[in-house]
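So the sequence lines, in the order shown, correspond to chains W and C. Each position in the first sequence, counted from 1, maps to that position plus 1 in the working numbering. Each position in the second sequence, counted from 1, maps to that position plus 223 in the working numbering.
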Amino acid sequence: MKIAHSRLELNNRHSTINKLVKEDGMRIGLISSIDGSQLLTVLIDPKNGELQIFETSLESHHYPSLSRCLPSAHWQERIVWNMFGLVPEEHPRLKQVLLHEPYSADFFPLRTVSGPFEVPERPHQGQYQFLEVKGDGVYEIPVGPIHAGIIEPGHFRFSCLGEVIVNLEIRLGYVHRGVEKRLTEVNWRKGRFIAESAASDSSTAYAIGFAECIESMFSLEVPHRARLLRVLALEVERVGMHLADLGGLAGDIGFLAAASSFQRIRGIAFRMAELLTGQRFLRAFICPGGVVRDVSTAMLKDISASVSKLQTEIPVLTEMLLENQGVNDRMRGVGRVSHWLALDFALVGPSGRASGIEYDARQFHPDYPDFELALQTEGDVYSRAVVRAIEVQKSISIIESVLDKLCNEESQFFLQLPEDLPPNAIGCSVVEGHRGELVQLALSDQSGRIKRYCFKDASVNNWTALAIAARNNLVADFPLCNKSFALAYSGHDL
Amino acid sequence: MTPVFSWIYFLLCLILVPPLVLSIIGKTKARLQNRRGPVLLQVFYDWSKLWRKDQTLSSTLSGVFRSTAVINTVIYLSVALFVPWLAQKPPIDGDDLFLLLYSLALARFLCLLASMDAGSAFGAFAASREATLSLLVEPAFMLTLVALAVCSGSTSLSSIFAFSINPGAGPEVWFLGGIAIFLCGLVELSRMPIDDPTTHLELTMVHEAMIVEASGRNLLLLEYSYAMKMTVFLGLSAQCFLHAYFQFLPVGAIWLCLLSVAGIFGLAVLVALIEALSVKLRWRKAPEFIAYALTMSFLACLVSIAKGATFR
Numbered sequence: 002m003k004i005a006h007s008r009l010e011l012n013n014r015h016s017t018i019n020k021l022v023k024e025d026g027m028r029i030g031l032i033s034s035i036d037g038s039q040l041l042t043v044l045i046d047p048k049n050g051e052l053q054i055f056e057t058s059l060e061s062h063h064y065p066s067l068s069r070c071l072p073s074a075h076w077q078e079r080i081v082w083n084m085f086g087l088v089p090e091e092h093p094r095l096k097q098v099l100l101h102e103p104y105s106a107d108f109f110p111l112r113t114v115s116g117p118f119e120v121p122e123r124p125h126q127g128q129y130q131f132l133e134v135k136g137d138g139v140y141e142i143p144v145g146p147i148h149a150g151i152i153e154p155g156h157f158r159f160s161c162l163g164e165v166i167v168n169l170e171i172r173l174g175y176v177h178r179g180v181e182k183r184l185t186e187v188n189w190r191k192g193r194f195i196a197e198s199a200a201s202d203s204s205t206a207y208a209i210g211f212a213e214c215i216e217s218m219f220s221l222e223v224p225h226r227a228r229l230l231r232v233l234a235l236e237v238e239r240v241g242m243h244l245a246d247l248g249g250l251a252g253d254i255g256f257l258a259a260a261s262s263f264q265r266i267r268g269i270a271f272r273m274a275e276l277l278t279g280q281r282f283l284r285a286f287i288c289p290g291g292v293v294r295d296v297s298t299a300m301l302k303d304i305s306a307s308v309s310k311l312q313t314e315i316p317v318l319t320e321m322l323l324e325n326q327g328v329n330d331r332m333r334g335v336g337r338v339s340h341w342l343a344l345d346f347a348l349v350g351p352s353g354r355a356s357g358i359e360y361d362a363r364q365f366h367p368d369y370p371d372f373e374l375a376l377q378t379e380g381d382v383y384s385r386a387v388v389r390a391i392e393v394q395k396s397i398s399i400i401e402s403v404l405d406k407l408c409n410e411e412s413q414f415f416l417q418l419p420e421d422l423p424p425n426a427i428g429c430s431v432v433e434g435h436r437g438e439l440v441q442l443a444l445s446d447q448s449g450r451i452k453r454y455c456f457k458d459a460s461v462n463n464w465t466a467l468a469i470a471a472r473n474n475l476v477a478d479f480p481l482c483n484k485s486f487a488l489a490y491s492g493h494d495l
Numbered sequence: 224m225t226p227v228f229s230w231i232y233f234l235l236c237l238i239l240v241p242p243l244v245l246s247i248i249g250k251t252k253a254r255l256q257n258r259r260g261p262v263l264l265q266v267f268y269d270w271s272k273l274w275r276k277d278q279t280l281s282s283t284l285s286g287v288f289r290s291t292a293v294i295n296t297v298i299y300l301s302v303a304l305f306v307p308w309l310a311q312k313p314p315i316d317g318d319d320l321f322l323l324l325y326s327l328a329l330a331r332f333l334c335l336l337a338s339m340d341a342g343s344a345f346g347a348f349a350a351s352r353e354a355t356l357s358l359l360v361e362p363a364f365m366l367t368l369v370a371l372a373v374c375s376g377s378t379s380l381s382s383i384f385a386f387s388i389n390p391g392a393g394p395e396v397w398f399l400g401g402i403a404i405f406l407c408g409l410v411e412l413s414r415m416p417i418d419d420p421t422t423h424l425e426l427t428m429v430h431e432a433m434i435v436e437a438s439g440r441n442l443l444l445l446e447y448s449y450a451m452k453m454t455v456f457l458g459l460s461a462q463c464f465l466h467a468y469f470q471f472l473p474v475g476a477i478w479l480c481l482l483s484v485a486g487i488f489g490l491a492v493l494v495a496l497i498e499a500l501s502v503k504l505r506w507r508k509a510p511e512f513i514a515y516a517l518t519m520s521f522l523a524c525l526v527s528i529a530k531g532a533t534f535r
């Protein structure tokens, strides 16, 4: 993956990025800062996966916001404001994301420089202000942060008119743990354990992203066998999570027979994960330099037996779900995100592809030859389900071909890396996890330690889409919409 | 049948059938999902646990919430005492069909008040849904009972469900009535495809969200009265089918007693089947489902009037 790193003047930043995104079709991968005295902007070219990292030095804590022209930047600018105290001017809706009321107003956790400019206070400290919808008969339903099921915490504030949602505001940050900061404190060799537990349902995507990020700092290639094993792990995770999400969709509309069948075959994916890594959630397998242990041919045979079991079961179950008249009734036309809104807010993952966005980080990844996108255009709950169903089948054929390659080759699976990171290096990776593009960026200091590590989970883009999708839908359909996006709270909050 | 036996039979059914109906539904649903499911006595264990638990009460509660569970239990118990849901004359007289309708309405009204009293956003929300549903389903239920009443020429439930061979009431009326009451029951009891009782999603709930603030003995009473209501509905529906069967093949009292209980359990299995295999309807489609019940009751009415005109 090619990474271009350049400086960009603050005066030109807005116009340059705007031009690159709007005219050259690049995507905003990540917006952050190192210590609070500059802005980092990572742009991704969806055609070939080339990355451009722009560093903009700041002279004050204000900078012109990109969000007015590029709405996809709005959430990340809020996070940067929370973490570094950098205020995006003319941001349409500047509110706290990660730091809640108990934090003092001048606390910016990732800010490490004190000068040359003064630190602003966060306004709106005190009670968080939800957008209030006025009018006859509009009422609010607060839901969460503690939910009825065993899921993660997040607050939804619905403004409703009868049974119809007029506006939904989502408040997150309840599981903010300071993962990014922690990664600068530990030895980089142990960092993978923190990275892969950042969002546990996509631990492989996080682990691969971390490993690739570190490897790109060393600018080295890992052995071919290690790359294949990583692809295998990532696709097994995708199959497992997509099956769980499809089952969850069935469960949310009360289609218990389908829900439990999907749960059952998800167990097969778990078993594949266990055979592959010795761990059902694929933890502690991928490390910078390769993978921690090789997988024997006998194990690979076992995995391919599971693959053929899945191949017979999945088409039957997806047909049972997607051809059902009641399911069609419930899912079609519900929770629509139109193509242009999806473009504006840069949706990623299955949610983006369901709205016709031709982007999947695997399409330019060298380990995925002849990759085909699963594309739908309607952008409703049904399309998101269909995209998942197609992707499961595609992932299974990828797994099959990788298993073939793995059985026929014997080679190294691990490359010993030096003790210290190269000084002042920059590393970046883009991985397509099961919920979408995951961007990671690392910078090292003079002594070869990580001085800044940042993540951009797919959920950062897609939470906004949920708020859009819920609008003008029935309150009773919201859980279904929510499930169809399969968003992460922990991956967002970090 | 001697009165002593009749009483023993009635009391046994009153105590055992309501929890067993819930158990059977739970067990069947579990089996349909390849799970083993809870033991049949699980509902008894749950209820005894609730009995021993303390209540958590919101500080804004008034007496309405506290008294609702008790009053509802009394209402449903008395309904069980005057409605002929088993194949025998109910213990209490004065069994007018309108008394049944308005007892149910009263219990529902109190439940709506209580759920709004508890002050949670979901409670009031669910109350509005429940009110909407009951508004739609009440005419269907009423028409069905009236159709049956036309056949027997009386609005007294025990003379309607009297197992008399009446040429004015052929098996068709009974059959249609049984289907209509079963469909009304699904709506009244917030079962699938109107409401998913197993869901944890508050935003989609009807019945569960109304009782979400109840706990301890309060919850026990609400669950018990719910089970009672379910038994009465399934019982009435089973009685209709039994009457339809009786028109062809009259059987003895003992057989009727056994068949009544078997009918209730059979319908419970049917409820479970529907719940495992169907998809919950969109909220806007709920009236369409209720329209099925209404259609059945209309048909029952037409048939009974036509037959009445022929034979009287």
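Every residue gets a Cβ at the ideal spot worked out from N, C-alpha and C, and that includes glycine.
Worksheet entry | Within chain W, the residues that F348(C) reaches when beta carbons sit closer than 7 Å | I142
Discussion item. If I measure Cβ to Cβ from W82(W) and keep anything under 7 Å in the same chain, skipping five residues before and after, which residues do I get?
Written reply: V88, P89, L95
Discussion item. Taking the beta carbon of L169(W) as the centre, do at least 16 other beta carbons fall within 10 Å, making it buried, or is it exposed?
Written reply: buried
Discussion item. Does chain C have any CB closer than 9 Å to the CB of L496(W)?
Written reply: In the structure displayed, chain W extends from 2 to 495; residue 496(W) sits before or after that span and is not available.
Practice prompt. Say whether chain W places a C-beta atom closer than 9 Å to the C-beta of K250(C).
Written response: no
Practice prompt. Measure from the alpha carbon of D446(W) to the alpha carbon of each residue in P423(W), L11(W), W464(W), Y490(W), then state which is nearest.
Written response: P423(W)
Worksheet item: Residue range of the alpha helix (DSSP H) that E401(W) falls in?
Response: 382-408
Fill in: C-alpha gap between F401(C) and A341(C), whole angstroms
One detail in the question is off: residue 401(C) reads as Gly in this sequence, not Phe. The straight-line gap from Cα to Cα measures roughly 36 Å.
Worksheet item: Under the three-state reduction of DSSP, which class applies to D269(C): helix, strand or coil?
Response: helix
Practice prompt. Using a Cβ cut-off of 7 Å, pull out every chain B residue sitting near L500(C), in sequence order please.
Written response: Here chain B cannot be found, since the structure's protein chains are W and C.
Worksheet entry | Host alpha helix (DSSP H) of D502(C) (start-end) | Residue identity check: residue 502(C) is Val in the sequence provided, not Asp. V502(C) -> no alpha helix (DSSP H), and no H or E assigned at all.
Item to complete: Report, in whole angstroms, the separation of the C-beta atoms of P416(C) and S501(C), which I expect to be a contact under 8 Å.
Response: 5 Å
Worksheet item: Between the stretch 388-401 of chain W and the stretch 199-213 of chain W, do three or more beta carbon pairs fall short of 8 Å?
Response: no
Worksheet item: With a CB to CB cut of under 8 Å and the five nearest residues on each side skipped, what residues in its chain are close to V165(W)?
Response: N473, N474, L475, V476
Discussion item. According to DSSP, L300(C) sits in a beta bridge with which residue or residues?
Written reply: DSSP, once it has assigned bridges, lists no residue as partnering L300(C).
Worksheet item: From L44(W) to E91(W), what does the alpha carbon distance come to, in whole angstroms?
Response: 22 Å
Practice prompt. Hey, could you find the ends of the beta strand (DSSP E) V440(W) is sitting in?
Written response: 437-445
Worksheet item: Tell me the DSSP bridge mates of H63(W)?
Response: V88(W)
Item to complete: Note down, in chain order, every chain C residue with its Cβ under 8 Å from the Cβ of L531(W).
Response: The displayed coordinates of chain W run from 2 to 495. Any statement about residue 531(W) would go beyond what the structure contains.
Worksheet item: Can you check whether the CB of L356(C) is closer than 9 Å to the CB of E411(C)?
Response: yes
Worksheet item: What residue does the alpha helix (DSSP H) around C1(W) start on, and which one ends it?
Response: With chain W running from 2 to 495 in the structure shown, residue 1(W) is simply not present.
Fill in: Cβ distance (whole Å) where P289(W) is taken to contact R193(W) below 8 Å
7 Å
Practice prompt. Could you give the DSSP three-state label for K484(W): helix, strand or coil?
Written response: helix
Fill in: Cβ pair L359(C), I513(C) closer than 9 Å
yes
Worksheet item: Out of Y490(W), M332(W), L439(W), A362(W), which has the shortest C-alpha to C-alpha gap to A470(W)?
Response: M332(W)
Worksheet item: CA-CA distance, F282(W) and L320(C)?
Response: 59 Å
Fill in: Neighbour list for T422(C) in chain W, Cβ cutoff strictly below 7 Å
G255
Discussion item. Bridge partners for L162(W) per DSSP, in chain order?
Written reply: V139(W), V165(W)
Item to complete: Quick one: which residues of the stretch 317-332 of chain W get their C-beta closer than 7 Å to a C-beta of chain C? List them in chain order.
Response: N325, G327, V328, D330, R331
Worksheet item: What are the start and end residues of the beta strand (DSSP E) that includes A5(W)?
Response: 4-8
Fill in: Whether L111(W) touches S34(W) by CB criterion (9 Å)
yes
Worksheet item: In three-state DSSP terms, what is E213(W)?
Response: helix
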